[in-house]
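Let me begin by presenting the structure, written as structure tokens, before commenting on it.
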Amino acid sequence: MNNNQISNEQTQLIPPKPSKQSEQEKDFYKPKKFGFNLKVIKQTYGLYKIIFNDTKLKLKINCFLLISLLAISLLDQYVGYYIGKIPSKFYLYLLSKNKGEFENLVIQAFLLFVSITFIKTIELFIEDCIGFYWRLILTQYFHKKLFKNKIYYQLIYFDKRIDNPDQRIGQDIPEWVTLTSQIFKTVLAIPAIIIFYSILAYLQLGWSGLSAFYVLFIISFIFTKYLMSPIVNLTFQLQILEGDFRYFHVLVRKNIEQINFFRGIKSEKVTVNKMIKNITQKKKIITYRHIPLNFNSNLFSYLSTIVSYIVIGILVFNNKMKDQDDLAELGSHISLCSFYFIELAFGFTQFFTLSASFAEMFSHTARLAQMKDVIEELNEKNKLSKKLIVSQTKISNIGSDGDGDGDGNDGEDEIQVTSSTEDDVQLIIPLSDSFSNNDLIFEKKKVEPSYNQYNLNNKNSENNLENETIPNKFTKIKIVNNTIKFINVDCYTPDNHLLVRNLSFSVSKPSESLLITGSSGTGKTSVIRILGGLWKGRSGIIKRPKISTKTIMILCQQPYIPIATLRGQITYPEIAAKEIKATELMTEQEDKGDQKIEKILRFVGLGHLIDQKINSGKCDTVNEVLSSYGNFNSSLSPGEKQRISFGRIIYHKPRFAILDESTSALETDVEKKIYLMLRELGIILISIGHRDSLDEFHEQKIILSRGGGWELEQKY
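Residue numbers are given in UniProt numbering: position 538 of the sequence shown equals residue 538, and the series is strictly consecutive.
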């Protein structure tokens, strides 16, 4: 192996010793009151840096959208200025009773109002584009950070500073970008509108044209209802997608440990990015549907002003206007009805809407910025391995050893590298084959912790490790092909509670299958977590293959059921590659694959899932059934979920199957049938369980006891 090629499986970092919570972490736990201050401005700036500090293409798109919004806003103000001059001309022509000029002015005003209607419609369209595009950028940024270096797993299980990261991604991001796109332009115009038109607010509005406004309102309502109907349906569909998106993050959060066991992070990442793209596409369709709706809304908003002039004109030219000969009174009524009061009302409405939007936006800003800071901090800690300083005094070559199974990759020299930072770091790099044949001889034996280190007569000895010297080195991980071997491994919880001491066993062929048993709390599942790389063992050596569906698969008591088709439930974690094809046409190879999946489902006792849909007429072929989605998480019983998980084992046929209480919901005869099939397939088994019926399928048995002791039994 090239010395520069270091896989994640071979890199072990020693965590810092337990210490009191830092002041920074304490601050995260304290309830916070967020408001408009310099800090929230900096946080908002940090989110904008994410949006703009990306690829050159995205930067160009963002600049284009913002420049377009600025240009259309300036055009809006420009046209609005000429519209604002219209009332004075109407006063002139009405007071002089110049009917010809009045008619020309009505046409000019109508054209100006139609023009500004187009302008405002385009303006809203650009705001919507900015909203969904910024959401896509922010969401993919957080996905990239979360699905890297097991950050999501750390946030859920170890780092408690962030509550509900799924909610922050699924709700806070879309609400933040929506509010931001709405506020961006409006904030500059409202103060001027309110101040200017407040000066003229003392004027009173006449109601002579009330009936005309009601007619206008009814017409507008009919058009709005007609245009709104398809948008309501699309919005309903969007909410379903949003709900699925949120549910996915909740599902991942709940099952992140099993996903990491399966090495299914890449599959989940593809699925979740597909979901956000579907949401963005649906939002884009709704945005296009809003074009005629927004046009209608803005058009009738300005037509109401024209109607007011038309009504007043009719009254004036028919000599039915009150105080017809009093030009000052007439001008007062025209001014009030046509412009000032409407603009002032609009300004106040926008002001209150904007203030509420600011308050809501800043709350989302604080939550997103907090999550961003924590994720970046965790990523920086995980990058320590790239900044290691090789200490020659720490370099040691491990002596020769071999497993005697003929596997040339079984033993490898290793270099221990530590950093000069306060947090001790160890990097294990396998170099070459140099282990001798000094294998451990497994006989019936019992290993217990030393009494001078553990006071087993003390009732609190199981939880009190003050007298125990905790190893300051992680277990060395050696990647081999056909063996799982623990050599003097100490199993600790992440908070340094000893579970198993000096654990040693070897499994390399089906005739060496291992059963791990013991009472609750003795560390059975913890051994699997250490084997799977989620927890770090202390001291000793672990030899195992690199985890994949072809080498090691780990099944838990409550199987993970992803959002996928029935086919995807069996092929997981390969679901992403098989379920996102652009064509529905199946190749001959894929058809054979479906036949294999059908046989597996019927073997594990789930054939009724196929038969029910075909017999009910919902599907015509097995392929349609396998391609159908369903709420399998809620519709399947615990026993059926465990059958699904065994179907995955049979489908992938890994070298090793690690079964953690995986048959607890199955009948004994079903359990026997499945175990015999796994043995027939040549799969090496490591099981955790309490049933006596499991003994016949395993040649070795480890019994864990409290205080770190264990006993190994073998069949002779």
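Where a beta carbon is used, it is the ideal one built from N, C-alpha and C, also for glycine.
- Beta-bridge partners assigned by DSSP to E574: none are found.
- DSSP places Y492 in the strand class (E or B) of the three-state scheme.
- In this structure Q77 is exposed. Its beta-carbon is surrounded by fewer than 16 other beta-carbon atoms within 10 angstroms.
- Collapsing the DSSP output to three states places G532 in coil.
- Here R602 is not bridged, per DSSP, to any residue.
- Contact annotation, R135 with I173: C-beta distance approximately 6 Å; criterion of less than 8 Å satisfied.
- Taking a 10 Å sphere around the C-beta of H698, we find 16 or more other C-beta atoms and assign the residue as buried.
- Excluding residues up to 5 positions away in sequence, A665, L666 lie with their Cβ nearer than 7 Å to the Cβ of G639 in the same chain.
- Check the Cα spacing between F656 and each of I528, D669, G707: the tightest is with I528.
- By the criterion of at least three beta-carbon pairs nearer than 8 Å, the stretch 261 to 277 is not in contact with the stretch 82 to 91.
- Between the alpha carbons of Q370 and N255 lies a distance of about 24 Å.
- The beta carbon of I570 sits closer than 8 Å to the beta carbons of I597, I600, L601, I644, G647, R648, Y651 from its chain, once the five residues preceding and following it are set aside; these are given in chain order.
- Burial check for V272: the Cβ neighbour count within 10 Å reaches 16 or more, so the residue is buried.
- Look at the beta carbons and you see the stretch 471 to 480 not touching the stretch 662 to 682: under three pairs across the two are nearer than 8 Å.
- By the Cβ neighbour-count rule, Q281 is exposed, with fewer than 16 other Cβ atoms within 10 Å of its own.
- In the structure shown, the three-state DSSP call for F295 is helix.
- Counting only residues of its own chain and dropping the five nearest sequence neighbours on each side, Q237 has a CB closer than 7 Å to the CB of K282.
- With a cutoff of 9 Å on beta-carbon distance, I169 and L378 are scored as not near each other.
- Cβ contact annotation for V374 (same chain, cutoff 6 Å, sequence separation greater than five): R161, I162, in chain order.
- When DSSP states are grouped into helix, strand and coil, I563 belongs to the coil group.
- Within the stretch 594 to 680, the complete alpha helix (DSSP H) segments of 4 residues or longer fall at 608 to 615, 622 to 626, 632 to 635, 638 to 652, 668 to 680, listed in chain order.
- Bounds of the beta strand (DSSP E) holding V507 are 498 to 507.
- Between G617 and L59, the alpha-carbon positions lie close to 51 Å from each other.
- Following the DSSP letters along the chain, one finds G131 inside the alpha helix (DSSP H) bounded by residues 99 to 146.
- In the three-state scheme derived from DSSP, where H, G and I count as helix and E and B as strand, R253 is classed as helix.
- For F261, the closest alpha carbon among the candidates R289, C556, F295, I126 is that of C556.
- A straight line joining the alpha-carbon of S628 with that of R567 spans about 8 Å.
- Take the alpha-carbon of T287 and the one of F245: they are about 20 Å apart.
- Taking C-alpha positions only, C129 is separated from K274 by approximately 19 Å.
- With 16 or more other Cβ atoms from the protein chains shown falling within 10 Å of its own Cβ, E671 counts as buried.
- About 14 Å separates the CB atoms of T483 and S511; that is not less than 8 Å, and the two are not in contact.
- Contact between I279 and L241 holds: their C-beta atoms lie close to 5 Å from each other, under 8 Å.
- Of E624, I479, Y309, the smallest CA-CA separation from F110 is found for Y309.
- For R289, the secondary structure class from DSSP, reduced to helix, strand or coil, is helix.
- Per DSSP, the continuous alpha helix (DSSP H) segment holding G46 begins and ends at 38 to 52.
- Sorting I122, P165, G131, K49 by C-alpha distance to the C-alpha of H143 places P165 at the top.
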